[in-house]
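Chemist: Here's a structure for you.
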Amino acid sequence: MAHSDLPGHDLTRVLQAVSDGDREAMNQLLEAVYADLHRMCRKRLEDGAAHQPVQATELVHEVYLRLIDQSRVNWQNRAQFFAVAARIIRRTLIDQIRTSRRLKRGGDRNHVPVSATLAGEDGGEVDLLELEEALTELAGINQQAVDIVEMRFFAGQTHEDIAHVLGLSERTVRRQWSFAKAWLYRRIGGDQTNPPM
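Every letter in the sequence shown is one number past the one before it in my numbering, and letter 174, counting from 1, is 174.
So, in structure tokens, the structure goes:
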């Protein structure tokens, strides 16, 4: 999971100051979370870098701009911040891939391999747009499972962090995570010996 340079309680104080509109706190926030955001973005891009329309540094800047534009968020703590960051990384990547494909190939679809290694679980590769379509479909069945996938896959958060943010037990998070992986595997398909999630 992400580990900012500021202790958790100090980062929480900075996040709350950002919520109150403190511009200096925004600078402190960027300094505190930049390395974590960059690591999260790089991890999502690393296996498919040759096919990606954006580099990690560009992605982290776009994600940060979208994060600080979240005027309706009442920032509570580090875990909540990175949960929101996970959702924004997902949306930003999808937006950029769709735009790139429209511009390059008139909308043609080709595979963009993205590492599906989740917290040390070797899982092969998955097309990010296929995953997005599957997550959208899963949201109609179980939004909580989608939230967990976002936080694990896009932000690398631990079960403990996810449980804290969502107000669930770790056991429930692990059960939902297992359900989501199985559901997404069936939806996306693939080699039985090397599932995409």
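Where is the CB? At the ideal position from N, CA and C, for every residue including glycine.
Under the assumption that His159 contacts Val173 (Cβ atoms under 8 Å), give the Cβ distance between them as a whole number of angstroms.
Modeler: 5 Å
Chemist: Please work out which residues of its chain come closer than 6 Å, Cβ to Cβ, to Ala83, disregarding the five sequence neighbours upstream and downstream, and give them in chain order.
Modeler: Met151 and Val165
Chemist: Within the chosen definition, does the stretch 134-142 reach the stretch 177-184 through at least 3 CB pairs nearer than 8 Å?
Modeler: yes
Chemist: Under DSSP, the alpha helix (DSSP H) around Ile68 begins and ends at which residues?
Modeler: Ala56 to Ile68
Chemist: Under three-state DSSP, which class holds Asp127?
Modeler: strand
Chemist: Determine the extent of the alpha helix (DSSP H) in which Asp188 is found, giving its start and end residues.
Modeler: Checking the sequence, you will find Ile at residue 188 rather than Asp. Element bounds for Ile188: Glu170 to Ile188.
Chemist: Using the C-alpha atoms, what's the distance from Asp147 back to Arg99?
Modeler: One detail in the question is off: residue 99 reads as Thr in this sequence, not Arg. If I take the Cα positions, the gap works out to 25 Å.
Chemist: Looking at the unbroken alpha helix (DSSP H) that takes in Arg39, where does it start and where does it end?
Modeler: Arg23 to Leu45
Chemist: Within its chain, find whatever has a CB closer than 8 Å to the CB of Thr193; leave out the 5 residues flanking it on each side and keep chain order.
Modeler: In this prediction, Thr193 scores a pLDDT of 44, lower than 50, which makes its location untrustworthy; no coordinate-derived value is stated.
Chemist: How close, in whole Å, do the beta carbons of Ala155 and Ala86 come, if the pair is a contact with beta carbons under 8 Å?
Modeler: 3 Å
Chemist: My assumption, with CB atoms under 8 Å, is that Ile97 sits in contact with Arg66. Please give the rounded CB distance.
Modeler: About 16 Å; that fails the 8 Å criterion.
Chemist: Does Val18 come out as helix, strand or coil in the three-state DSSP assignment?
Modeler: If DSSP states are grouped into helix, strand and coil, Val18 belongs with the helices.
Chemist: Secondary structure at Thr99, three-state DSSP: helix, strand or coil?
Modeler: helix
Chemist: How about Arg23 and Leu93: do their beta carbons lie closer than 8 Å?
Modeler: No, they are not a contact pair.
Chemist: Count the other C-beta atoms from every protein chain shown that fall within 10 angstroms of the C-beta of Asp20, then say buried if there are 16 or more, exposed otherwise.
Modeler: exposed
Chemist: Pick out whichever of Met26, Leu15 and Tyr64 has its Cα sitting closest to the Cα of His38.
Modeler: Tyr64
Chemist: Taking only the alpha-carbon atoms, compute the straight-line gap between Leu30 and Val14 and give it to the nearest angstrom.
Modeler: 10 Å
Chemist: Is Ala155 helix, strand or coil when you go by DSSP?
Modeler: The answer is coil: DSSP assigns Ala155 none of H, G, I, E or B.
Chemist: For Ala134 versus Ile188, is the C-beta distance shorter than 8 Å?
Modeler: With contacts defined by Cβ atoms closer than 8 Å, Ala134 and Ile188 form a contacting pair.
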